[in-house]
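Numbering (the working numbering), first residue to last: 2 to 349.
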Ligand SMILES: Cc1ncc(COP(=O)(O)O)c(C=O)c1O
């Protein structure tokens with residue numbers, strides 16, 4: 002089901018709606034005061050998420066941004082450094098929260114079009130362990146990579162960056178907002194991808210279709226500290242089992258189907274590639290995010306023209322981004338392609 006009749010909303014996978022099974026589970030969820038550790042549904046979600054990701058413990062948080070923020074504030078003291086790719090969501094889109102609330106210096110490292118950090122540049126940038134420099138404390142990886150066309154990184158691909166961080170005694174956090182998309186695309190257990198990291202946060206409210214929430218996982222000691230940080234940020238949520246219930250349904254029913262979103266993204270990319278004036282290489286589309294370039298055209302203007310014809314997408318500079326998700330069918334993709342093709346023809 003799209004957002005409104007006749008609208009095909011490809012702006013984000015955050016537009017997904019909770020399923021009927023989620024709504025039922027939410028209505029029936031046993032709840033308690035989670036700040037006292039007494040919400041059985043949250044406790045179950047945290048334990049299930051941790052187990053699926055091969056970690057000891059989990060923490061339910063309000064959002065992906067809060068998961069990343071709580072992780073960074075748990076690992077880092079004021080004046081410590083957190084390293085990340087220059088296009089990382091937590092650098093570009095999360096309001097500088099780690100710096101603002103934690104006094105943590107954010108050190109962007111150049112990354113390629115898929116979001117892979119330049120290892121040589123990383124090695125050349127890391128501050129030495131010395132009283133003369135800030136302490137390099139945390140490496141943040143992003144898997145899948147939002148601005149990197151939804152690129153999914155295997156353990157082998159993450160390893161060189163991880164090795165540099167380990168050589169400098171840094172902790173490793175994965176912004177795994179879409180880690181299940183990565184696992185499905187690569188055909189590996191998500192726990193394998195999480196194994197290179199000390200902590201990982203993933204979103205329930207994106208491709209997994211929950212109304213709200215993310216889970217941060219790590220070892221028991223880390224999560225105990227993270228729980229205090231979450232409280233400090235005002236993130237203790239009381240009877241929030243009512244939303245965590247949807248997360249449990251998601252982990253059981255919504256992961257395998259992400260393959261459909263990836264197939265629809267391929268279909269979209271192949272269709273776009275055949276439209277004059279559009280540049281997309283379908284071979285670079287690994288999951289559910291498709292960026293198309295339009296030469297020296299204006300992405301914002303184009304997305305405005307698409308909106309008038311019932312197709313929603315996010316456009317800036319010379320690109321437009323489409324995201325496939327639960328609720329967008331193969332037929333919707335065909336319909337969107339017809340509209341995009343018509344609008345591009347009219348624009349040329
Ligand atoms: C890679 C990545 N990390 C983190 C987030 C933040 O998630 P939230 O919007 O739940 O704060 C997003 C949101 O789009 C994202 O794409």
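Note that beta-carbon positions come from the ideal geometry of N, C-alpha and C, so glycine has one too.
Heavy atom of ligand 1 within 7 Å of residue i beta-carbon
i           : result
residue 174 : no
residue 64  : yes
residue 143 : yes
residue 169 : no
residue 114 : no
residue 200 : no
residue 90  : yes
residue 204 : yes
residue 289 : no
residue 73  : no
residue 327 : no
residue 315 : no
residue 147 : yes
residue 182 : no
residue 215 : yes
residue 1   : The chain is shown from 2 up to 349; residue 1 falls before or after that span and cannot be answered.
residue 178 : yes
residue 265 : no
residue 150 : no
Residues of its chain near residue i, where Cβ-Cβ distance is below 8 Å and the 5 sequence neighbours each way are ignored
i           : result
residue 100 : 106 and 107
residue 297 : 319
residue 321 : 292, 293, 295, 300, 303, 304, 307, 314 and 315
residue 208 : 14, 17, 179, 181, 182, 255, 259, 262, 289, 326 and 327
residue 167 : 173
residue 343 : 310
residue 220 : 56, 57, 58 and 199
Beta-carbon spacing of residue i, residue j below 8 Å
i           : j           : result
residue 325 : residue 262 : yes
residue 82  : residue 129 : no
residue 165 : residue 120 : yes
residue 12  : residue 252 : no
residue 148 : residue 88  : yes
residue 270 : residue 286 : yes
residue 103 : residue 79  : yes
residue 311 : residue 69  : no
residue 215 : residue 55  : no
residue 329 : residue 9   : yes
residue 141 : residue 193 : no
residue 111 : residue 125 : no
residue 210 : residue 19  : yes
Rounded straight-line distance, which links the Cα of residue j to that of residue i
i           : j           : result
residue 90  : residue 143 : 8 Å
residue 232 : residue 302 : 43 Å
residue 254 : residue 181 : 12 Å
residue 86  : residue 109 : 5 Å
residue 293 : residue 240 : 43 Å
residue 59  : residue 198 : 14 Å
residue 17  : residue 335 : 19 Å
residue 47  : residue 345 : 47 Å
residue 127 : residue 137 : 7 Å
residue 236 : residue 230 : 9 Å
residue 151 : residue 15  : 14 Å
residue 84  : residue 25  : 42 Å
residue 64  : residue 74  : 15 Å
residue 217 : residue 347 : 47 Å
residue 338 : residue 57  : 45 Å
residue 362 : residue 155 : Residue 362 lies beyond the range of the chain shown here (2 to 349); nothing can be said about it.
residue 77  : residue 317 : 34 Å
residue 349 : residue 275 : 15 Å
residue 238 : residue 212 : 15 Å
residue 227 : residue 278 : 48 Å
residue 264 : residue 132 : 52 Å
residue 153 : residue 50  : 20 Å
residue 222 : residue 38  : 16 Å
residue 3   : residue 323 : Confidence is the limiting factor: at residue 3 the pLDDT is only 46, short of 50, which leaves the residue's position unreliable and the question unanswerable from this model.
residue 36  : residue 94  : 29 Å
residue 280 : residue 333 : 21 Å
Cβ-heavy atom distance, residue i to ligand 2, below 7 Å
i           : result
residue 210 : The model on display carries ligand 1 but not ligand 2.
Neighbour flag for residue i against chain D, beta carbons, 8 Å
i           : result
residue 276 : Among the chains of the structure shown, chain D does not appear; only one protein chain is present.
Cβ neighbours of residue i in the same chain (closer than 6 Å, five flanking residues each side left out)
i           : result
residue 242 : 30, 32, 40, 42 and 43
residue 250 : 22, 23 and 26
residue 272 : 338
residue 34  : 239
Own chain residues within Cβ distance below 7 Å of residue i, not counting five before or after
i           : result
residue 224 : 58, 59 and 60
residue 146 : 115, 116 and 152
residue 191 : 53, 54, 180, 181 and 184
Between the region 32-43 and the region 179-186, do three or more beta carbon pairs fall short of 8 Å?
No, because fewer than three Cβ pairs between the region 32-43 and the region 179-186 fall closer than 8 Å, the two stretches do not touch.
Does the region 27-37 touch the region 231-250, meaning 3 or more C-beta pairs lie closer than 8 Å?
Between the region 231-250 and the region 27-37, the count of C-beta pairs closer than 8 Å reaches three or more; the two stretches touch.
How about the region 111-118 and the region 169-179: do they share at least three Cβ pairs that are nearer than 8 Å?
No: the two stretches stay apart, fewer than three of their Cβ pairs being nearer than 8 Å.
Is it a yes or a no for the region 152-165 touching the region 199-219, going by three-plus beta-carbon pairs under 8 Å?
Too few Cβ pairs lie closer than 8 Å, so no.
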